[in-house]
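Heads up, the sequence shown is in my numbering, so the first residue is 547 and it goes up one at a time.
Idealized CB from N, CA, C, for every residue including glycine.
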Amino acid sequence: MNTYVLVYNSFVQFEVVLAAYFMKTQSEVHTLGLNSMPVISCEGFSINPSAVLGNIDVNAIDLLVIPGGEVEELAANEGLLALIRSMNASGKPVAGICGGVTVLKAAGVLEGRSYVDNQEGREAAESSKGLPDAGASDEVNVIRDGNILTAKPNGYVDFALELGRMMDIYQDEADLQETIDFFKYFKSV
């Protein structure tokens, strides 16, 4: 299984670190850049993409994860939007957290679905259309609707846990509960 995490200048690394850690137990985790140049996360880490958008085969991707950050450029990148649409059309999992949800919205894959909205997304919707989409919710940390997973910025633990469920990485319910107890409730296991 191959998980690809989109990396770009300003991406919020902490939102996807736990998800990548979980996925690494059952998957190869790769970083996907818009180009081959190193990027700087919002936390100041320099990341060299291991794959480039223009060279990636959608068939090689089992899960695409899009973190938040300054996403305006991403939401207008037709190559990225086409990749997201192609994955969605194939029923492959695509996950967005924080501003990553805005990118999924720009790709059109949230139409007719329930999804988590964040303040930035609500403000953009209100300024352009007058009201947020009917499927948007800010009442929960994560929403999974079919092959699409969305999360609030502060829902990164729930996001990682739900990605694990979505990708069937837990050995059984006891493994899932132990993971929840340790990472969400800080219980010793």
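Opening and closing residue of the beta strand (DSSP E) in which residue i lies
i: arginine 690; result: 688 to 691
i: leucine 629; result: Unbroken run through leucine 629 is the alpha helix (DSSP H), 624 to 635; no beta strand (DSSP E).
i: valine 611; result: 609 to 612
Opposing strand residues paired with residue i [DSSP bridges]
i: isoleucine 593; result: Val585
i: asparagine 548; result: Glu574
i: valine 598; result: Gly579
i: threonine 696; result: Gly642 and Ile689
i: cysteine 604; result: Cysteine is not the amino acid found at residue 604; the sequence shown has valine there. None; valine 604 has no bridge partner.
Residue of the options minimising C-alpha distance to residue i
i: aspartate 691; options: Tyr702, Pro699, Arg711 and Ala566; result: Arg711
i: leucine 620; options: Leu722, Asp684, Phe557 and Ala720; result: Phe557
i: valine 647; options: Lys638, Gly658, Leu609 and Leu695; result: Leu695
i: aspartate 714; options: Leu552, Tyr550 and Ser573; result: Ser573
i: asparagine 605; options: Asn548, Tyr731, Leu709 and Ala682; result: Asn548
i: alanine 652; options: Leu627, Lys638, Gly637 and Arg659; result: Leu627
i: glycine 701; options: Leu722, Ala682, Asn664 and Asp721; result: Asn664
Spatial neighbours of residue i in its chain, beta-carbon cut-off 8 Å, leaving aside the 5 residues before and after
i: glutamate 516; result: It is not possible to answer for residue 516, since the shown part of the chain is limited to 547 through 735.
i: phenylalanine 729; result: Leu564, Val703, Ala706 and Leu707
Straight-line Cα distance separating residue j from residue i
i: valine 611; j: glycine 642; result: 6 Å
i: aspartate 727; j: tyrosine 716; result: 14 Å
i: valine 575; j: tyrosine 550; result: 6 Å
i: arginine 631; j: alanine 597; result: 19 Å
i: glutamate 589; j: asparagine 634; result: 30 Å
i: lysine 733; j: phenylalanine 560; result: 21 Å
Residues near residue i by beta carbon distance below 7 Å, same chain, minus five either side
i: alanine 697; result: Ile643, Val662, Asn687, Val688, Asp704 and Phe705
Span of the alpha helix (DSSP H) around residue i
i: isoleucine 726; result: 719 to 729
i: tyrosine 716; result: Run containing tyrosine 716: none; DSSP gives neither H nor E here.
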